[in-house]
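Numbering (my numbering), first residue to last: 0 to 278.
We put the beta carbon where it would ideally sit given N, CA and C, even for glycine.
To keep things clear, I will list the structure first and then write my remarks on it.
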């Protein structure tokens with residue numbers, strides 16, 4: 000005979016006739032196979048993987064049926080949250096892993112930890128507010144951009160990382176193939192668009208107009224984070240058209256959070272600490 004455990008019903012009302020204690024099968028019983036098959040059918044991978052361990056713990060601790068069920072459900076929910084985070088991170092297409100916890104604020108005092116910590120919360124993304132990171136190369140802009148995007152993806156929102164040149168090329172190819180509307184619509188649905196290397200290359204008028212459409216579709220609805228090495232006063236060199244430049248700058252900077260990472264290379268400082276100059 001299969002071993003069993005007794006689990007009492009803690010919700011039993013006082014004064015009522017006692018209900019005979021219910022009995023729960025232990026791991027190793029024939030029911031295990033049926034539970035396994037049901038979990039496969041219902042697509043409950045964590046439930047399926049952990050139910051034997053949790054049943055053993057429930058017997059040892061004399062848990063109620065409700066507590067045992069709650070433990071199983073919490074395991075499944077935690078697993079689904081983790082898998083959702085992993086899926087959102089894959090869809091973000093970050094070029095390399097970077098986390099805000101790894102940013103060395105001591106080496107770049109221009110960046111305020113409190114401001115960056117606030118950006119880990121998805122509130123500003125839900126409000127459709129822009130983020131602008133300005134600084135010279137090597138000052139940590141991309142690290143912050145990817146780290147903030149990673150935190151937002153882990154909070155459950157959709158994120159997409161790309162460089163400005165790659166986005167403009169994608170839009171130009173879509174325009175040539177007469178599917179520009181669908182590509183712009185896809186980008187308009189992303190909660191946070193992380194646009195790196197903004198202003199590194201000069202754009203022709205067509206490229207600037209295509210990029211302008213992205214900003215217009217996302218304005219005040221979806222958040223856009225831009226990392227650039229060019230101050231606002233030099234953006235006209237990137238776009239070549241003063242009026243178009245002003246329109247793009249207006250959409251990027253309205254209600255934006257501005258982080259200036261400075262001019263001293265974060266990477267150079269790190270390299271000098273690792274490989275000091277002789278003598």
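Helix, strand or coil for residue i? Go by DSSP, reduced to three states.
| i | result |
| --- | --- |
| residue 259 | strand |
| residue 224 | strand |
| residue 42 | coil |
| residue 155 | coil |
| residue 145 | helix |
| residue 189 | coil |
| residue 64 | helix |
| residue 264 | coil |
| residue 102 | coil |
| residue 195 | strand |
| residue 206 | helix |
| residue 166 | helix |
| residue 131 | strand |
| residue 161 | strand |
| residue 180 | helix |
| residue 95 | coil |
| residue 253 | coil |
| residue 200 | coil |
| residue 121 | coil |
| residue 215 | helix |
| residue 22 | Per-residue confidence for residue 22 stands at a pLDDT of 41, beneath the threshold of 50, marking its modelled position as unreliable; the derived number appears in the next sentence. Residue 22: strand per DSSP, three-state reduction. |
| residue 29 | coil |
| residue 319 | Residue 319 falls outside the range modelled here, since the chain spans only 0 to 278, and no answer is possible. |
| residue 126 | coil |
| residue 232 | helix |
Buried or exposed: which applies to residue i, given that a residue is buried once 16 or more other Cβ atoms fall within 10 Å of its Cβ?
| i | result |
| --- | --- |
| residue 219 | exposed |
| residue 46 | buried |
| residue 233 | exposed |
| residue 227 | buried |
| residue 120 | exposed |
| residue 89 | exposed |
| residue 65 | exposed |
| residue 43 | buried |
| residue 236 | exposed |
| residue 54 | buried |
| residue 83 | exposed |
| residue 262 | exposed |
| residue 245 | exposed |
| residue 122 | exposed |
| residue 217 | buried |
| residue 260 | buried |
| residue 67 | buried |
CB residue i to CB residue j, shorter than 9 Å?
| i | j | result |
| --- | --- | --- |
| residue 238 | residue 207 | yes |
| residue 209 | residue 170 | yes |
| residue 183 | residue 212 | yes |
| residue 160 | residue 144 | yes |
| residue 215 | residue 194 | no |
| residue 251 | residue 115 | no |
| residue 264 | residue 136 | yes |
Check each candidate in the options and name the one with the smallest Cα separation from residue i.
| i | options | result |
| --- | --- | --- |
| residue 29 | 75, 51, 230 and 191 | 51 |
| residue 141 | 116, 153 and 98 | 98 |
| residue 200 | 166, 31 and 68 | 166 |
| residue 196 | 215, 164 and 175 | 164 |
| residue 156 | 204, 162, 134 and 222 | 222 |
| residue 100 | 139, 33, 257 and 215 | 139 |
| residue 79 | 153, 136 and 104 | 153 |
Under the criterion of a Cβ to heavy atom distance below 8 Å, does residue i qualify as lining the ligand ATP?
| i | result |
| --- | --- |
| residue 63 | With respect to the ligand ATP, the structure offers nothing, as it holds no ligand at all. |
Kindly confirm or deny that the segment 144–151 and the segment 91–101 touch, where touching means at least three C-beta pairs closer than 8 Å. yes
Mind the definition here: the segment 105–116 touches the segment 167–187 only if three or more C-beta pairs lie below 8 Å; say whether that holds. no
Any chance the segment 69–89 sits against the segment 115–135, with 3 or more Cβ pairs inside 8 Å? no
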